[in-house]
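**Student:** The opening residue of the sequence shown carries number 22 in the working numbering; numbering runs sequentially from there. Got a structure here, written out as structure tokens. Questions coming.
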Amino acid sequence: MTEINVAIIGHKFMGKAHSNAWRQVSRFFPGKLEPRMKVLCGKACTEELEATARQFGWEESDCDWQRVVEREDIDVVDIATPGYLHHDMAIAAAQAGKHVICEKPLANTLADTKEMLKAVQKAGVKHMLMHNYRKIPAVALVRKFIDDGRLGDIYHYHGAYLQDWIIDPEFPLVWRLQKKFAGSGALGDIGAHAIDLARYLNSEFNTVVGQMTTFIKERPLVAEDKGLRQVKAGSGTGKVTVDDDTNFLARFANGSVGVFESSRFGGGRKNYNTFQIYGSKGSVAFNLERMNELEFYDREDPQEEQGFKTINVTESVHPYVGAWWPAGHIIGYEHTFVHAFHDFLTALENDTLPSPNFTDGVKNQTVLEAVERSAKSGKWEKP
Ligand code: SOE
């Protein structure tokens, strides 16, 4: 057993999910490499940060990310911060010879993603992009079905990712609603997941045409910056500078067509990351809010049996599931990060490139930017 020393930058929602996964991965997926949770890095060296580091299982805490990425004893840097920070952190980590994991989207601009890919390739380090939804057993099963020809030729792909956490006009102007921090709104945050899943399961994108809408254009500022990265803390309101909803059409390289929607105004949809894929031999439908189930329609079933059936993706033969519990004992959102780190450590052990990685980050960003161009031009745009 060889220890691999990990540093994480970021300790909010993604920092918490990643920390849990670093603690669990070797318990359920024992391999030659065992992660050692060395240091959690935050914005300010406070007692709260130290307490968070202890609570999440890290040996130390620090508030100087440049110092952390330069440490001789660190092998992997895990970037779990807002998108506008990814570029500088990933390049510094790569130049320090560290393997790099980065949350999605890889960066807020295509130029930044290309510089990050160049840096990790030049440094010869491993790199992974944390699109954790590829690591859901049901999603990996769809990938297998397609590889096995069970869907046949793909005709169309529908990807809708809806949430509703900002539907209240009184919800404050947080960093995700400001272009300077988030790059874009629903499109770059949850639309990036939909695009990545479509590339993983179906095909690369050929052309897109889309529209972007901001329903609520002003939002309240909060009294002080509670880590919400306000444009300026204080009373009154601030301007929303990103999309609340983006929808677009797509033509794929494999000849299929696509319909996509990403919105934070899908009232009642909490994390409704869904896709349906329709092919010549079969169809599938998935909903993250029911992540252990996959709807499958097989045109080769006898006619009297035709129809969608619900596969309970909890059998030991299903991807990743054998490491957890017996059939029917479902798993959850946090397990997708454990699967991602298992795949990352396996890639390090085998000296292969993790998937998805920064190359996917560049490709995803070309699609995101083509949709944004199209929303301005009103025309079909090529990624
Ligand atoms: C907020 O939209 C968010 O936390 C996304 O940023 C994550 O990528 C998604 O997995 C859950 O929702």
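Where is the CB? At the ideal position from N, CA and C, for every residue including glycine.
1. Indicate whether the contact test is met: 3 or more Cβ pairs, each with one atom in the segment 329–345 and one in the segment 117–137, closer than 8 Å.
2. Near serine 82, which residues of its chain fall below 6 Å by C-beta distance, leaving aside the five closest residues on each side in sequence?
3. Please work out which residues of its chain come closer than 6 Å, Cβ to Cβ, to alanine 306, disregarding the five sequence neighbours upstream and downstream, and give them in chain order.
4. Since tyrosine 354 is in the alpha helix (DSSP H), which residue starts that stretch and which ends it?
5. Can you grab the Cα-Cα spacing for the pair glutamate 239 / threonine 258, in whole Å?
6. Cβ-heavy atom distance between glutamine 386 and ligand 1 below 8 Å?
7. For valine 98, which of helix, strand or coil comes out of DSSP?
8. Does the separation of the CB atoms of alanine 101 and glycine 204 fall below 9 Å?
9. Quick check on tyrosine 221 - is its C-beta less than 9 Å from some C-beta in chain B?
10. Is it true that the CB of alanine 207 sits closer than 9 Å to the CB of threonine 295?
11. Which of the three DSSP states, helix, strand or coil, is assigned to alanine 306?
12. Tell me whether the beta-carbon of leucine 242 lies closer than 9 Å to the beta-carbon of phenylalanine 50.
13. Tell me which same chain residues have a C-beta within less than 6 Å of the C-beta of alanine 159, skipping the five on either side of it?
14. Comparing the CB of phenylalanine 34 with every heavy atom of ligand 1, is any distance shorter than 8 Å?
15. Classify serine 47: buried if its beta carbon has 16 or more other beta carbons within 10 angstroms, exposed otherwise.
16. Check each candidate in Gly173, Gly180, Asn313, Phe236 and name the one with the smallest Cα separation from isoleucine 11.
17. Is DSSP giving methionine 233 helix, strand or coil here?
18. Aspartate 319 bridges to which residues according to DSSP?
19. What did DSSP end up calling isoleucine 332 once you bin it into helix, strand or coil?
20. Please return the same chain residues whose Cβ sits closer than 7 Å to the Cβ of lysine 200, not counting the five positions on each side in sequence.
21. Go ahead and label proline 323 buried or exposed: buried means 16 or more other beta carbons lie within 10 angstroms of its beta carbon, across all protein chains shown.
22. Give, in chain order, every unbroken run of the beta strand (DSSP E) that is at least 3 residues long and sits entirely within the segment 102–142.
23. Flag asparagine 153 as yes when its Cβ comes closer than 8 Å to any non-hydrogen atom of ligand 1, and as no otherwise.
24. Nearest to alanine 396 by CA position, among Asp364, Val229, Phe329, is which residue?
25. Grouping DSSP H, G and I as helix and E and B as strand, with all else coil, what is glutamine 386?
26. Pick out whichever of Ala391, Pro375, Val388 has its Cα sitting closest to the Cα of isoleucine 122.
27. According to DSSP, what are the bridge partners of cysteine 84?
28. Quick one: which unbroken beta strand (DSSP E) runs of 3-plus residues sit fully inside the segment 169–242? Chain order, please.
29. Roughly how many angstroms lie between the CA atoms of histidine 148 and methionine 312, to the nearest whole one?
30. Given a threshold of 16 other Cβ atoms within 10 Å of its Cβ, counted over all protein chains shown, does serine 256 qualify as buried or as exposed?
31. Contact defined as beta carbons within less than 8 Å: I believe lysine 64 pairs with valine 27. What is the distance between those atoms, to the nearest angstrom?
**Tutor:** Put simply:
1. no
2. Leu61, Leu70, Glu71, Ala74
3. Gln297, Glu316
4. 354–371
5. 6 Å
6. no
7. strand
8. no
9. Protein chains in the displayed structure number just one, and chain B is not present.
10. no
11. strand
12. no
13. Phe307, Leu315, Val334
14. yes
15. buried
16. The chain is shown only over 22 to 404; residue 11 falls outside these bounds and no answer can be derived.
17. strand
18. Gly303
19. strand
20. Thr262, Val263
21. exposed
22. 120–124
23. yes
24. Val229
25. helix
26. Pro375
27. None; cysteine 84 has no bridge partner.
28. 175–183, 226–234, 239–241
29. 27 Å
30. exposed
31. In fact, because the Cβ distance is near 19 Å, the residues do not count as touching under 8 Å.
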